[in-house]
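Note sheet for the following structure.
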Amino acid sequence: MSIRKIGSSIKDTENLYAKTKPLVAASRVITILCAVTVLYPLVFIVLVSFKNNQEFYSNIWGFPEIWRWSNYSYAWVNGEIGKFALNSVIVSLSAVLASALLSALAGYALSKLHIPKAKSIIAILLGLNFVPSVAVFIPLYIQLINMHLNKTLLMLILPYMAWQIPFSIYIFKNFFDSIPAQLLDAARVDGCNEIRTFFSIILPLARPAVATVMVFNFINIWGEYIWASVASSSSTKIQTLPVGLLYFRGEYGIQWGPFAAAILIIIVPLMLIFIYLQRYFIRGLTAGAVKG
Amino acid sequence: MIIGFCFLIPALAAYLLFMGYPLYRTVALSITNWSGFGDPQNIGLVNYQSIFKDKTFLLALKNTIYFAVFSSIFSVLLGLLLAWLNMYMRRMEGQVFRTVMFAPSMIAPTITGLLFLFIFTEDVGMVNNILKAIGLSELTTAWLTNAMTVKQVVVIATVWRQFGLTLVLCYAGLQSIPNELIESARLDGASDGKVFSRILVPLIKPQIELSVMFTMLGGLRIYDSVVSLTGGGPARQTVVLPMWIIENAYTYSKFGYASAMCVVFIAVVLIFIVALRLVFRGENYEY
Chain U
0 MSIRKIGSSI KDTENLYAKT KPLVAASRVI TILCAVTVLY PLVFIVLVSF KNNQEFYSNI
60 WGFPEIWRWS NYSYAWVNGE IGKFALNSVI VSLSAVLASA LLSALAGYAL SKLHIPKAKS
120 IIAILLGLNF VPSVAVFIPL YIQLINMHLN KTLLMLILPY MAWQIPFSIY IFKNFFDSIP
180 AQLLDAARVD GCNEIRTFFS IILPLARPAV ATVMVFNFIN IWGEYIWASV ASSSSTKIQT
240 LPVGLLYFRG EYGIQWGPFA AAILIIIVPL MLIFIYLQRY FIRGLTAGAV KG
Chain Y
0 MIIGFCFLIP ALAAYLLFMG YPLYRTVALS ITNWSGFGDP QNIGLVNYQS IFKDKTFLLA
60 LKNTIYFAVF SSIFSVLLGL LLAWLNMYMR RMEGQVFRTV MFAPSMIAPT ITGLLFLFIF
120 TEDVGMVNNI LKAIGLSELT TAWLTNAMTV KQVVVIATVW RQFGLTLVLC YAGLQSIPNE
180 LIESARLDGA SDGKVFSRIL VPLIKPQIEL SVMFTMLGGL RIYDSVVSLT GGGPARQTVV
240 LPMWIIENAY TYSKFGYASA MCVVFIAVVL IFIVALRLVF RGENYEY
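From first to last, the protein sequence lines stand for chains U and Y. Take numbering that gives the first Met the number 0: the final residue in the first sequence is number 291, and no numbers are missing along the way. Take numbering that gives the first Met the number 0: the final residue in the second sequence is number 286, and no numbers are missing along the way.
Listed below in C-alpha cells is the structure:
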C-alpha cells in the first residue's frame with residue numbers, strides 16, 4: 000500500500016496540469032456540481048420508492064418516515080415486474096450469448112482465416128449498422144409471424160442477436176488482429192482442428208473482447224424499447240421490462256412509490272454489472288477511438 | 000479459407016435474415032399502397048410525394064434533427080470540458096468522478112424519460128419545488144406540457160444520459176497526449192486555456208469526432224425517452240420520426256406509406272454521416 004501511495008504521489012507531481020491552482024479548484028467545483036446533478040435524481044428516486052403517495056406530496060425532500068419495502072413487493076407482484084424481469088433476463092442473456100458466439104467466429108475468420116475482401120465486408124456491415132432499426136420493423140414483423148415465431152420470445156431474441164452482430168464483429172476483428180499469427184499456427188501444428196482450436200485456445204484468449212462485447216450488447220438489449228413494444232403488440236406474454244414499466248405507469252399512474260421502486264428494480268442490476276465490468280466496457284469503447 | 004467461410008457464414012446469414020432482407024423489403028414496400036391485406040400494388044413514387052406534404056412528418060423530421068443536433072452539441076461540449084478538468088484532479092479522484100458521471104449511460108432511455116418525469120412534473124416535480132424553495136416561483140411552469148419548454152427538457156434528459164460517454168471518450172484521448180508536448184508549450188508561455196484550445200483539442204480530434212458520431216447518430220434515433228417523457232405531446236409538439244412511422248404502420252395500417260418514411264429516414268441518417276465526415280475532414284495531427 001505504501002508503495003502504491005508513493006507511486007501515486009509521484010504521478011501527482013508529474014501531473015503538469017495540477018500546477019495551475021485556480022483551475023484545480025475550478026475543476027473540483029464544476030465536476031462536483033455535475034456529479035451531483037447526475038446522482039441527485041437517483042437518490043431522489045430511492046427516497047421516493049419508500050414513500051406512499053400521501054407522504055410523497057407532503058414530504059417531498061426528506062427521508063421517508065417508514066421504510067416501506069412493501070412498495071417493492073407491490074411493484075414486483077401487482078405491477079408484474081417479476082414477469083417482465085424474467086422475460087428480459089431470458090431475452091438479454093440468450094441474445095447476448097448468441098451474438099457474441101457468432102461474432103467471435105466471424106471476427107476470427109475475418110482476421111485470421113484469409114477471407115478475401117475482409118475489409119470491405121466489415122465496412123459494409125458497419126455501414127448497414129447505421130440504418131435505424133425502425134426502418135425494418137414492418138417487413139420483419141411479418142417475416143417473423145410467417146416463421147411462426149409470434150407469441151414466443153424468439154421474436155425478440157433473434158432480431159436482437161442479429162442487430163448486435165456488426166459492431167461485435169468489428170470489436171472481435173480488431174482484437175484478433177492484435178494477436179500474432181504465430182501463436183495460432185503453433186496451436187494448429189499440434190493437430191487440433193479449427194473448431195477445437197477456436198474453443199480451447201482462441202476464445203479463452205479473447206476474454207477481454209468477449210467481455211466488452213457482452214457488456215455493450217447487454218446494455219443495448221436490456222433497455223431496448225421500440226422493437227419490444229412493436230413485437231409484443233401480438234402478445235402480452237412477451238413484454239419485457241421497458242415495455243412493462245410504461246404499462247405500469249399507465250395502469251397505476253400516480254402511485255409514485257411503487258413506480259419508483261419498479262424503476263430501481265430495473266436500474267440496480269445494470270449498475271452492479273457496470274461497476275463490476277466497467278473497465279472492459281470503457282476500454283473496449285475507447286480502444287476503437289484511439290486506434291481510429 | 001473454406002473453414003473461414005464456415006465460421007463467417009452463420010453471423011452473416013443471421014444478419015442478412017433479420018436486417019438485410021427486411022431492409023430490402025422496406026424499400027420494395029415503399030412504392031406500394033399496401034395496407035396489410037392482399038398483394039401490395041405498385042403505385043410508384045406517390046408515397047414520397049405525399050410524405051413531403053404531410054405536416055406531421057415534416058414536424059417529426061424537424062424535431063428529430065433538433066434533438067440530434069442540440070443533444071449532441073451540448074453532450075460533447077460538456078463532456079470535453081469535464082474531461083479536460085478531470086486532468087486537473089488526482090488520479091483516484093478523477094476515476095471516481097468519471098465512474099459516477101458515466102453511470103447514466105447505462106440507464107435505458109425509457110427509464111431516463113421516466114426519471115425526468117419526477118424532475119419536471121408540474122405539481123410534484125423536483126425543479127418546480129426547488130424554484131419555489133428559493134423564491135423563484137414565477138419561473139415555475141408545466142415543463143412537460145408547455146410547448147416552449149418541452150423540447151429543451153427532452154434535450155436536457157438526453158444530455159444527462161450521454162455526457163458521461165463523451166467525457167470518457169475525450170478523456171481517453173487527452174490521457175494519451177505525451178507530457179513533453181504540454182511542458183514545452185508551457186515553457187513557451189502558453190496559458191492553460193491556450194494549451195487546451197491550440198494543442199489538446201486539435202490532438203484529440205478523432206475522439207471528438209467519435210463522440211459527435213455516437214451522440215448525433217444516437218440522437219437521430221431518439222424515441223424511447225420521448226415516449227416515456229412526453230408521449231409526443233403536447234399536441235404532437237415533440238413527435239419524432241420513429242414515432243410517426245410506427246403510428247402510421249400499426250395504428251393506421253399504412254404500411255407502404257410508413258415504409259417510404261423509413262427510406263427517407265435512412266436517407267437523413269446518411270446525409271448526417273456524410274456531413275459529419277465533411278465537417279471533420281482535414282488533417283489529423285500526429286504526436
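C-beta atoms are modelled at their ideal positions from N, C-alpha and C, and glycine is treated no differently. All of these numbers come straight from a predicted model, not from anything done at the bench.
Terminal residues of the alpha helix (DSSP H) in which residue i lies
i        : result
U:Ala134 : Run containing U:Ala134: none; DSSP gives neither H nor E here.
Y:Val278 : 254-278
U:Phe49  : Element bounds for U:Phe49: n/a, residue is neither H nor E.
U:Lys82  : 80-111
Y:Lys54  : 54-85
U:Thr196 : 193-196
Y:Leu15  : Careful: Y:Leu15 lies outside any alpha helix (DSSP H) and carries neither H nor E.
U:Leu153 : 153-162
Y:Val154 : 149-174
Y:Asn178 : 178-186
U:Asn77  : Counting along the chain, U:Asn77 falls outside any alpha helix (DSSP H), and DSSP gives it neither H nor E.
U:Val212 : 206-221
Y:Pro108 : 108-119
Y:Val126 : 125-132
U:Ser232 : Premise fails: U:Ser232 is in no alpha helix (DSSP H) and is neither H nor E.
Y:Asp223 : 223-228
Y:Ser210 : 204-219
Y:Arg90  : 90-101
Y:Trp243 : 240-245
Beta carbon of residue i nearer than 8 Å to that of residue j
i        : j        : result
Y:Val158 : Y:Thr237 : no
Y:Tyr249 : U:Val229 : yes
Y:Pro21  : U:Pro165 : no
U:Ile225 : Y:Asp122 : no
Y:Leu113 : U:Leu240 : no
Y:Leu289 : Y:Pro39  : This structure does not reach residue 289 of chain Y, given that chain Y is present from 0 up to 286, and the question cannot be answered.
U:Ala25  : Y:Leu84  : yes
Y:Leu91  : U:Ala161 : In the sequence as displayed, the identity of residue 91 of chain Y is Met instead of Leu. No.
Y:Val263 : Y:Met242 : no
Y:Val75  : Y:Ile207 : yes
U:Phe247 : U:Ala208 : no
U:Ile121 : U:Lys172 : yes
Y:Gly218 : Y:Phe115 : no
Y:Ala13  : U:Ile168 : no
Y:Phe6   : U:Tyr107 : yes
U:Leu155 : U:Val90  : yes
Y:Cys169 : Y:Ala82  : yes
Y:Thr109 : Y:Ala156 : no
Y:Leu44  : Y:Leu240 : no
U:Gly256 : U:Asn58  : no
Y:Val303 : U:Leu38  : Nothing in the structure corresponds to residue 303 of chain Y, since chain Y is present only between 0 and 286.
Y:Phe117 : U:Val47  : yes
Y:Leu166 : U:Phe129 : no
Y:Met105 : U:Phe43  : no
Residue i: contacting residues in chain Y (beta-carbon distance under 9 Å)
i        : result
U:Ile235 : The residue asked about is misnamed: residue 235 of chain U is Thr in this sequence, not Ile. Going along chain Y, no residue has its Cβ under 9 Å from U:Thr235, so there is no contact; the nearest lies around 15 Å.
U:Val34  : Checking the displayed sequence, the identity of residue 34 of chain U turns out to be Ala instead of Val. Within chain Y, the residues near U:Ala34 are Val95, Phe96, Val99, Met100.
Within chain U, the residues that residue i reaches when beta carbons sit closer than 8 Å
i       : result
Y:Ala88 : Residue identity check: residue 88 of chain Y is Met in the sequence provided, not Ala. Here the neighbours are Val23, Ser26, Arg27, Thr30.
Y:Asn85 : Ser26, Thr30
Under 9 Å by beta carbon: chain A residues contacting residue i
i        : result
U:Ser232 : Here the protein chains are U and Y, and chain A is not one of them.
Residues bridged to residue i [DSSP beta-bridge criterion]
i       : result
Y:Asn41 : Y:Thr31
Amino acids of chain Y, ordered along the chain, whose beta-carbon sits closer than 7 Å to that of residue i
i       : result
U:Val95 : Under the 7 Å cutoff, chain Y gives no residues; its nearest Cβ is about 14 Å from U:Val95.
U:Gly61 : Correct list: empty, because the minimum Cβ distance to chain Y is about 12 Å.
Contacts of residue i in chain Y (Cβ-Cβ under 8 Å)
i        : result
U:Ser102 : Ala10
U:Ala105 : Phe6, Leu7, Pro9, Ala10, Leu11
U:Ile168 : Ala10
U:Ile262 : Ile110, Leu113, Leu114
Neighbouring residues, chain U, relative to residue i (Cβ below 9 Å)
i        : result
Y:Ile2   : Ala108, Leu112, Asn192, Glu193, Ile194
Y:Pro233 : The premise fails here: Y:Pro233 is roughly 17 Å from chain U at the closest Cβ pair, so nothing lies under 9 Å.
Y:Asn62  : Under the 9 Å cutoff, chain U gives no residues; its nearest Cβ is about 15 Å from Y:Asn62.
Y:Ser49  : Those within 9 Å of Y:Ser49 in chain U number zero; the least Cβ separation is about 17 Å.
Per-residue contacts from residue i into chain U (C-beta, under 7 Å)
i        : result
Y:Met18  : Leu127, Val135, Ala161, Trp162
Y:Ile272 : Phe129
Y:Tyr222 : Ile225
Y:Ala156 : Simply none; closest approach about 10 Å.
Y:Leu57  : Neighbours of Y:Leu57 on chain U: none; closest Cβ ~18 Å, over 7 Å.
Problem set entry | Chain-ordered residues of the region 174-206 of chain Y with a beta carbon less than 8 Å from chain U | Ser175, Asn178, Ile181, Glu182, Arg185, Asp191, Pro205, Gln206
Exercise. Between the region 109-140 of chain Y and chain U, which residues of the former have a C-beta closer than 7 Å to a C-beta of the latter?
Worked result: Thr109, Ile110, Leu113, Leu114, Phe117, Ile118, Val123, Met125, Asn128
Exercise. Going along the chain, which residues of the region 21-42 of chain Y sit with their C-beta nearer than 7 Å to a C-beta in chain U?
Worked result: Pro21, Leu22, Arg24, Thr25, Leu28
For this session: Could you please tell me which residues of the region 250-271 of chain Y, in chain order, have their CB closer than 8 Å to any CB of chain U?
Result: Phe254, Ala257, Ser258, Cys261, Val262, Phe264, Ile265, Val268, Leu269
For this session: For the region 194-215 of chain U, enumerate the residues whose C-beta is nearer than 7 Å to any C-beta of chain Y, in chain order.
Result: For the region 194-215 of chain U, which is checked against every Cβ of chain Y, not one residue is closer than 7 Å.
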